[in-house]
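Read the structure below first, then the notes.
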């Protein structure tokens, strides 16, 4: 007959936080061993792809991890993927270029209207 097993902690329901696996002890008995939840790999905030170079971990583990393990050495490292960072930089550059072009066009327009000489006015005398 199979040996009956009981939970070792107070929570007596089969919930996500109470997962167990059956293990045989050196004494030959079967007991429950509690299984920790698997950690999630951080995802990019823009495109939701998993970030490479960062280990999967639970929030409590992440608190005690050093900064080196939680980020990569790049702008937005550990928050955005390289592709999205590149897109942000290019977008910001193009917007800035558009702004500069608009300013140049505006200044050209004002200088051309101010610098155009007025048409010579007739004085009322006839030329001979």
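In UniProt numbering, the protein residues as written are 1 to 128. For each residue, glycine too, the CB sits at the ideal point set by N, CA and C. For clarity, every value in this text was computed on a predicted model and none was experimentally measured.
What does DSSP give as the partner residues of residue i in its beta bridges?
i           : result
residue 102 : For residue 102, which the question treats as bridged, DSSP gives no partner whatsoever.
residue 20  : 34
residue 40  : 57
residue 50  : 43
From residue i to residue j, what does the alpha carbon distance come to, in whole angstroms?
i           : j           : result
residue 7   : residue 76  : 44 Å
residue 98  : residue 84  : 21 Å
residue 91  : residue 105 : 21 Å
residue 109 : residue 102 : 11 Å
residue 52  : residue 15  : 31 Å
residue 63  : residue 19  : 23 Å
residue 17  : residue 1   : 29 Å
residue 96  : residue 66  : 37 Å
residue 114 : residue 46  : 48 Å
residue 28  : residue 35  : 20 Å
Which term fits residue i, buried or exposed, when burial requires 16 or more other beta carbons within 10 angstroms of its beta carbon?
i          : result
residue 80 : buried
For residue i and residue j, which I take to be in contact (beta-carbon distance under 8 Å), what is that distance rounded to the nearest angstrom?
i           : j          : result
residue 21  : residue 33 : 5 Å
residue 10  : residue 39 : Not a contact, Cβ separation roughly 25 Å.
residue 138 : residue 41 : What is shown of the chain runs 1 to 128, which leaves residue 138 out entirely.
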